[in-house]
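The structure under discussion appears below in the form of structure tokens.
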Amino acid sequence: MELSNRPRKACDLCYTRRIKCDGQKPRCSNCINYATDCTHTALSRKSKPRAQRRSELKKADEVQSLQAEIQRLETQLLQAQNRDHDQASHATQEPVRTTIAAHVADQHIDEDGDHTISSMKLPPLHQAMAMVGIYLNTYNSVLPLFHADTLLRLVGECYARQPRQRDPVVWAAINVVFALACQQVPENPRNGRSQHQTDQTTEYLNKVQSIISTVMLGETHLLNIQVLVGMVMLLQTAHDLTPSLLLISATMRLAHKLGLHSHAASTHLDPVERRQRARVIWIAYILDKDLSLRTQQPSVQLDDDMDVELPSSLPTTNDDNDNTAGIVVTADGNARMNYFLARVKLAKIEGRVYDSLYSTRAVNRSFEERRNARESVVSALDEWRASIPLEFSASIVTSSTSNKPANGGFFCVLHATSLQCMALVSRAHAWDRQWVSGLRNHSRGIQMLQLPPAWDTIVHQARNYMLLFREVWSRDAWFRWMTSCPYTTALVLLTANTLGNPSHNNTQLDVELIDSALLWLNEAMRESQSDEARALRETCVEAVRTVKQKLAGDFTTPFGNYWLLNHPDSLEPF
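Right under this line is the structure:
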């Protein structure tokens, strides 16, 4: 900068901060307040144009006004601290803040006039890094929403700033990571997942939701989409899917705005960024198709409007440690599978299931067209199951991946989705009225049960899924609502198979699984009092009675260990 020959009266601190210096010696008042040396070594700048000086004077006035406001708030805070602390804590349910910076930050209003989160605070860094580590080793290892190195850099940069100076979108992304990590915290062997962990997940999600308008309506970058996708990943685990449905629609639209669905929009980017963009849109695609099938509502993303490479085809680099994201390896290291790719391919099949059953086009199809569509979907499901290595099948995956217990939940969701697709296209799921009515009439001896094609395959899949569900399920599991309906469907399938053929080779195993499932259903129905759920439960009760009678008449093997089969009356309606 050009220098001015005019002497400067203001000290370095007052000069650089553009505040009035009273010139007191040996230190001015501002240097005393900021606990710094009062020096005069900085060089003066060239005199600025009049318009610029006026602008800076205006800013100086704003700074002085803010300082006056801070002094006023400081006085109020000191007065509040002198009041009865018990009354204050009862009214606010939190400690009185002791620093004026925190108080001012809590009252901060952004340029758009919206209140921001209390000061974009974060937990201590050591706690944050522990949660980030849990997230990267669990959720992100199978569904890589974030590039690991990029996420760690964002965390470091965010913690290097004061709360009020943090980027709200980065802050939201970190809170999404924390919320997802809380879902994956290992359970206490005695007490399961604590209420504190559940509350923490909700707390972090609420923080992100409080600035959702900033994330959605501000300038759109990939990180904005990652935040929204992470929120949908959290919301999809709830019983009420309405919030996740609304959010996935907005998320997909913003993803389209960035061109994430288009290969051409990413060709100029480096391999790491291009790969991450593709991963984000594929995770959003999985969520979109999954929610569509679960709610029987149309998805947002059309397959014909998407030409991004599949996860297995994405570019890799030798110096990038993120190349194995999405891949699961057995404990002995002898087998591996691309879980992420399997979810993407299954999501494509989910879209076909919806199209063949619930779309407007499906209603207008002829019987032959519907049958051909069903056979095509069943063939795709058979091909998909054949692509899953034996070590990751539902019946043994918990033992083959015992080195990472968290994988059990992800594979439970995977196999639950596969079973639900098969049951839906076969019209043999727990919520199909005609199927359940046929089972009820069959248990009463009124009519023969019409079994769908590929019945043995469906029953085998249901049996293996029930084995997996029994291993990994708990009342507080994050995947609880995502896997319960397929489990109920599996219960009905095994019950129907045992009713129709009580002498099959897996009778004792199936009776044990039915017994466990009915105990679970008896407890679950206490939380769900819908008429449809109650009717299904009563049908299962009748079927249990018939199974007991057939087993008692056809076998000499005692079934004394199966409590519900010997006490079916305990399942009478509440």
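Following the UniProt record's numbering, the numbering of the sequence shown begins with 1 at its first residue and continues without gaps.
Note that CB positions come from ideal geometry on N, CA and C, so glycine has one too.
query	result
M422 versus W435, Q24, L381, F411, residue with shortest Cα-Cα distance	L381
Of the listed residues H504, P453, L509, nearest to R470 (C-alpha basis)	L509
Where the alpha helix (DSSP H) containing N497 begins and where it ends	480-500
DSSP three-state assignment for R526, whether helix, strand or coil	coil
C-alpha distance - N33 paired with T41, whole-angstrom precision	20 Å
Three-way DSSP call (helix, strand, coil) for W272 in this model	Before going further, note that residue 272 is Val rather than Trp in the sequence given. It is helical.
Residue interval of the alpha helix (DSSP H) (run including V397)	397-400
V132: first and last residue of the uninterrupted alpha helix (DSSP H) it sits in	125-137
Extent of the continuous beta strand (DSSP E) to which I327 belongs	327-329
Straight-line gap, A10 to H261 (C-alpha atoms, nearest Å)	57 Å
Cα-Cα separation between Q147 and T546, rounded to whole angstroms	According to the sequence as given, residue 147 is His; it is not Gln. Using only the alpha carbons, I get a separation of about 55 Å.
Presumed contact (8 Å Cβ cut-off) between Q184 and T138, rounded CB distance	4 Å
Whether L341 touches A394 by CB criterion (8 Å)	no
Bounding residues of the alpha helix (DSSP H) (the contiguous stretch that carries M337)	M337 -> not in any alpha helix (DSSP H); beta strand (DSSP E) instead, spanning 336-338.
Alpha-carbon to alpha-carbon, L234 and L513	30 Å
Candidates P26, C38, S249, of which the one nearest T16 by Cα	C38
Cβ neighbour criterion (16 or more within 10 Å) applied to A172	buried
Candidates R277, A331, I225, W384, of which the one nearest D307 by Cα	R277
Cβ-Cβ distance between L494 and R537 below 8 Å	no
With 16 other Cβ atoms within 10 Å as the buried cut-off, status of R343	buried
Close-in-space but distant-in-sequence residues of the same chain around T488 (CB under 6 Å, 5 per side omitted)	A430
Where H147 sits in the DSSP three-state scheme	coil
Meets three-Cβ-pair contact criterion under 8 Å: the stretch 201-217 and the stretch 158-167	no
6 Å CB neighbourhood of P144 in its chain, flanking five on each side removed	R279, A325, G326
Segment limits, alpha helix (DSSP H) that includes Q296	Here Q296 belongs to no alpha helix (DSSP H), and DSSP marks it neither H nor E.
Contact under 8 Å by Cβ, G438 with Q420	no
Cα-Cα separation, A454 to R336	29 Å
Straight-line gap, L180 to W481 (C-alpha atoms, nearest Å)	16 Å
DSSP-derived helix/strand/coil call for residue 576	A query on residue 576 cannot be resolved here, the shown segment of the chain reaching from 1 to 574 and no further.
Neighbour-count burial assignment, K289, 16 or more Cβ in a 10 Å radius	buried
Burial state of G23, where buried means 16 or more other Cβ atoms lie within 10 Å	exposed
Sequence-distant residues of the same chain with beta carbon closer than 7 Å to V155, five excluded per side	A128, V132, I174
Beta-carbon gap between T398 and V328 smaller than 8 Å	no
Contact the stretch 365-384 vs the stretch 401-414: 3+ CB pairs below 8 Å	no
Residues near Y465 by beta carbon distance below 6 Å, same chain, minus five either side	A394, H415, L419, A490
Host alpha helix (DSSP H) of Y465 (start-end)	455-472
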